[in-house]
Amino acid sequence: MKTSYEKCLEYFVEKFPMVRFFDYDNERLLVYDAKPNLIFLLDRNELPKLKDCLAEKYDNVKLPADVSDEFKKRVDILSARGVLDPGPLDSLVDSSTGSVKAKLDYYWSNVLMRKFVVEITERCNFRCKYCFNTLEPVFRHHTLKQMSIETAKKSIDFYMQMYTNFYNRLSDRNKQILLDNFAPCYGIYGGEPTMNWDVVVDSVNYYKSLDWESRGIDKKYLEVTINTNLSNINEEIISFLIEHNVLLFASLDGVKAEHDANRVDASGNGTFDLAYNNLMKIKNFNGEYFKEKVCILAVVDSVTGITDESKAFLKGIGCQLNIIDKGYKDCFVKNPELRIETILEDGGEWVERIFNEAMELKDKDRDGCLDKLSDLYFLESVVTDTPLRKKKANLFLSCPMGIDNIMVGAGGDLHICHKTDCSMPFGNIHTGIDIDRMVDIYQRYMEATDNKECRSCWMVRNCGVCAALRMKGNTFVNPTRKECEYLRALNELYFKLYVKVHKEEPALLDELFERKKDVRFYKSIVDINEFNNR
Numbered sequence: 000m001k002t003s004y005e006k007c008l009e010y011f012v013e014k015f016p017m018v019r020f021f022d023y024d025n026e027r028l029l030v031y032d033a034k035p036n037l038i039f040l041l042d043r044n045e046l047p048k049l050k051d052c053l054a055e056k057y058d059n060v061k062l063p064a065d066v067s068d069e070f071k072k073r074v075d076i077l078s079a080r081g082v083l084d085p086g087p088l089d090s091l092v093d094s095s096t097g098s099v100k101a102k103l104d105y106y107w108s109n110v111l112m113r114k115f116v117v118e119i120t121e122r123c124n125f126r127c128k129y130c131f132n133t134l135e136p137v138f139r140h141h142t143l144k145q146m147s148i149e150t151a152k153k154s155i156d157f158y159m160q161m162y163t164n165f166y167n168r169l170s171d172r173n174k175q176i177l178l179d180n181f182a183p184c185y186g187i188y189g190g191e192p193t194m195n196w197d198v199v200v201d202s203v204n205y206y207k208s209l210d211w212e213s214r215g216i217d218k219k220y221l222e223v224t225i226n227t228n229l230s231n232i233n234e235e236i237i238s239f240l241i242e243h244n245v246l247l248f249a250s251l252d253g254v255k256a257e258h259d260a261n262r263v264d265a266s267g268n269g270t271f272d273l274a275y276n277n278l279m280k281i282k283n284f285n286g287e288y289f290k291e292k293v294c295i296l297a298v299v300d301s302v303t304g305i306t307d308e309s310k311a312f313l314k315g316i317g318c319q320l321n322i323i324d325k326g327y328k329d330c331f332v333k334n335p336e337l338r339i340e341t342i343l344e345d346g347g348e349w350v351e352r353i354f355n356e357a358m359e360l361k362d363k364d365r366d367g368c369l370d371k372l373s374d375l376y377f378l379e380s381v382v383t384d385t386p387l388r389k390k391k392a393n394l395f396l397s398c399p400m401g402i403d404n405i406m407v408g409a410g411g412d413l414h415i416c417h418k419t420d421c422s423m424p425f426g427n428i429h430t431g432i433d434i435d436r437m438v439d440i441y442q443r444y445m446e447a448t449d450n451k452e453c454r455s456c457w458m459v460r461n462c463g464v465c466a467a468l469r470m471k472g473n474t475f476v477n478p479t480r481k482e483c484e485y486l487r488a489l490n491e492l493y494f495k496l497y498v499k500v501h502k503e504e505p506a507l508l509d510e511l512f513e514r515k516k517d518v519r520f521y522k523s524i525v526d527i528n529e530f531n532n533r
């Protein structure tokens with residue numbers, strides 16, 4: 000037999016899909032309503048009365064006599080402000096051509112290109128089992144295509160113009176903040192970039208030779224990054240990397256057995272010995288450069304994670320380390336059922352562990368403490384009073400595609416990100432941007448995400464499934480129902496952590512949300528209007 004409390008919760012789940020309740024303490028619930036993006040506290044004993052008021056309003060059910068006029072008035076005020084509005088959002092975003100063009104016009108005028116990458120070659124001598132270029136049969140895969148120096152130079156000219164246009168609209172103070180946190184960066188990607196090394200060398204020299212000073216930028220700020228599989232490292236290459244202070248992202252997935260399980264050459268043979276030995280060549284050549292400018296990228300299965308043996312091995316190498324989840328071509332979340340089960344079993348332990356780790360650092364390492372709570376950054380925008388009615392959310396669930404991040408393909412095609420399958424170029428560096436194609440890409444994305452399920456999802460504002468990974472063969476796709484269930488379960492953990500901190504260390508939340516405004520700690524989209532108001 001279900002209690003009246005359980006029946007109330009069932010009513011809200013069915014009638015108000017954008018609302019969720021979380022235990023706060025023995026007397027109160029924390030209520031999150033995604034439509035107005037509002038959080039508020041509610042006495043537990045008021046939940047049945049709240050349900051009765053809403054049933055009267057929306058279901059023509061007679062209001063019980065024990066509900067006071069004062070309480071009903073409170074509910075009416077909330078309803079007038081768009082809180083506890085039944086059903087899904089009417090829409091997430093306006094995908095009309097005029098609206099999309101206006102959005103693009105705004106982005107092009109006001110958003111910094113934070114990441115600029117050239118695919119210097121499509122050639123690669125590895126066939127890593129998780130690499131999308133290995134798995135993709137049609138749009139983006141390993142070929143012999145190489146970027147020409149003409150295409151590389153044209154790409155760099157384009158990037159310089161975009162960056163300096165933004166930079167020169169800033170105050171002197173904000174110019175320095177931008178350089179300190181989002182310096183000009185020429186990203187070199189592949190394929191395996193060392194297989195087109197002459198163009199790498201010539202293009203970096205060209206990038207450094209341009210007259211940045213006349214635009215107000217000292218060349219000491221110019222950055223270069225290169226991603227490599229470590230198959231082709233010699234003294235000439237190492238000397239060049241050091242001369243240009245290149246940030247080198249080097250792929251090594253762990254100890255030999257774990258690395259060789261996925262990172263194989265074109266014949267299917269493991270590559271650990273080659274990669275590790277070449278990594279040590281760099282370390283032995285110049286230990287300071289190795290420590291400061293080499294970063295190992297270790298790709299691991301996001302379900303099983305990395306073994307303690309591999310983690311200890313990689314940390315002991317003596318350079319920077321970034322352990323990243325393996326992407327999956329056929330899905331967004333691997334084994335969502337298992338992950339949901341893990342959250343149900345261990346979620347409470349995770350909340351306690353993260354909170355306790357943050358508390359251990361609270362007095363001796365404030366930044367480290369707040370880093371532990373960074374999963375809560377998304378709640379900075381949540382309203383705690385005076386919400387506004389929002390039946391149409393105007394939520395564009397992506398970064399500014401093709402502006403915040405651009406990759407130039409080996410043949411010069413422009414792509415919204417280096418993570419895409421390259422099935423939707425929006426122009427070519429030699430012929431220019433195709434605005435109509437960009438509008439079409441935005442509209443396809445908006446129409447894919449503005450569906451009934453997303454409009455009914457209480458955590459749509461923190462979905463986290465990016466547009467680049469949604470791109471599948473000239474269209475955009477959505478996560479499966481189970482994948483969405485996992486993402487919602489994950490967000491429930493974040494809200495439970497929020498409750499824990501809010502109850503026991505509320506000042507930390509104020510500090511965390513203020514910290515989000517500091518680009519040293521939270522590097523997100525750079526909108527010039529927001530940046531100038533810092």
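Numbering (numbering that gives the first Met the number 0), first residue to last: 0 to 533. Think of the CB as a built atom: it goes at the ideal place given N, C-alpha and C, for glycine as much as any other residue. None of the values given here were measured: they were computed from a predicted structure.
Name the DSSP beta bridge partners of residue i, please?
| i | result |
| --- | --- |
| residue 412 | 427 |
| residue 400 | 404 |
| residue 382 | 37 |
| residue 536 | An answer regarding residue 536 cannot be provided, because it is not within the stretch 0 to 533 covered by the chain. |
Excluding the 5 residues flanking residue i on each side, which residues of the same chain have their C-beta closer than 7 Å to its C-beta?
| i | result |
| --- | --- |
| residue 512 | 379 |
| residue 442 | 94, 99 |
| residue 139 | 131, 132, 420, 421 |
| residue 436 | 425, 426 |
| residue 32 | 17, 18, 82, 83 |
| residue 159 | 209 |
| residue 464 | 331, 478 |
Rounded to whole angstroms, what's the CA-CA distance from residue i to residue j? Just pull it up for me.
| i | j | result |
| --- | --- | --- |
| residue 7 | residue 78 | 18 Å |
| residue 266 | residue 287 | 35 Å |
| residue 66 | residue 60 | 13 Å |
| residue 101 | residue 438 | 10 Å |
| residue 191 | residue 487 | 37 Å |
| residue 208 | residue 331 | 42 Å |
| residue 278 | residue 235 | 14 Å |
| residue 218 | residue 240 | 16 Å |
| residue 402 | residue 161 | 9 Å |
| residue 338 | residue 24 | 27 Å |
| residue 149 | residue 429 | 9 Å |
| residue 15 | residue 521 | 33 Å |
| residue 143 | residue 528 | 43 Å |
| residue 481 | residue 455 | 15 Å |
| residue 169 | residue 398 | 22 Å |
| residue 371 | residue 86 | 35 Å |
| residue 410 | residue 206 | 19 Å |
I'd like the span of the beta strand (DSSP E) that includes residue i, first residue to last.
| i | result |
| --- | --- |
| residue 186 | 184-188 |
| residue 195 | No beta strand (DSSP E) contains residue 195, which DSSP labels as neither H nor E. |
| residue 405 | 404-407 |
| residue 28 | 27-32 |
| residue 294 | 293-299 |
| residue 520 | Note, residue 520: premise wrong, no beta strand (DSSP E); not H, not E. |
| residue 19 | 18-22 |
Identify the continuous alpha helix (DSSP H) that holds residue i and give its terminal residues.
| i | result |
| --- | --- |
| residue 445 | 434-448 |
| residue 165 | 148-166 |
| residue 480 | 480-503 |
| residue 179 | 171-180 |
| residue 12 | 3-14 |
| residue 126 | No alpha helix (DSSP H) contains residue 126, which DSSP labels as neither H nor E. |
| residue 527 | 527-531 |
| residue 134 | 131-134 |
| residue 367 | 365-371 |
| residue 452 | 451-454 |
Can you name, in chain order, every residue of its own chain whose Cβ lies under 6 Å from the Cβ of residue i, other than the five neighbours on each side?
| i | result |
| --- | --- |
| residue 494 | 21 |
| residue 180 | 518 |
| residue 129 | 261, 325 |
| residue 255 | 271 |
| residue 116 | 186, 188, 406, 417 |
Does the ligand NAD have even one heavy atom less than 7 Å from the beta-carbon of residue i?
| i | result |
| --- | --- |
| residue 399 | By its list of ligands, the structure shown contains no ligand whatsoever, and the ligand NAD lies outside what it can speak to. |
Who are the Cβ neighbours of residue i in its own chain at under 8 Å, not counting the five residues just before and after it?
| i | result |
| --- | --- |
| residue 47 | 3, 4, 7 |
| residue 126 | 133, 141, 263, 264, 265, 267 |
| residue 216 | 163, 166, 178, 183 |
| residue 1 | 9 |
Does any C-beta atom of chain B lie closer than 8 Å to the C-beta of residue i?
| i | result |
| --- | --- |
| residue 300 | Reference to chain B is not applicable here, since this structure consists of a single protein chain. |
Go through the stretch 36-60 residue by residue and report every complete run of the alpha helix (DSSP H) that reaches 4 residues or more, in order.
-> 46-58
Entirely within the stretch 67-124 and at least 3 residues each: give me those beta strand (DSSP E) ranges in chain order.
-> 114-118
Run through the stretch 310-337 for me and flag every whole beta strand (DSSP E) of 3 or more residues, listed as ranges in chain order.
-> 319-324
Ranges of the beta strand (DSSP E) found wholly within the stretch 222-297, counting only runs of at least 3 | 222-227, 246-250
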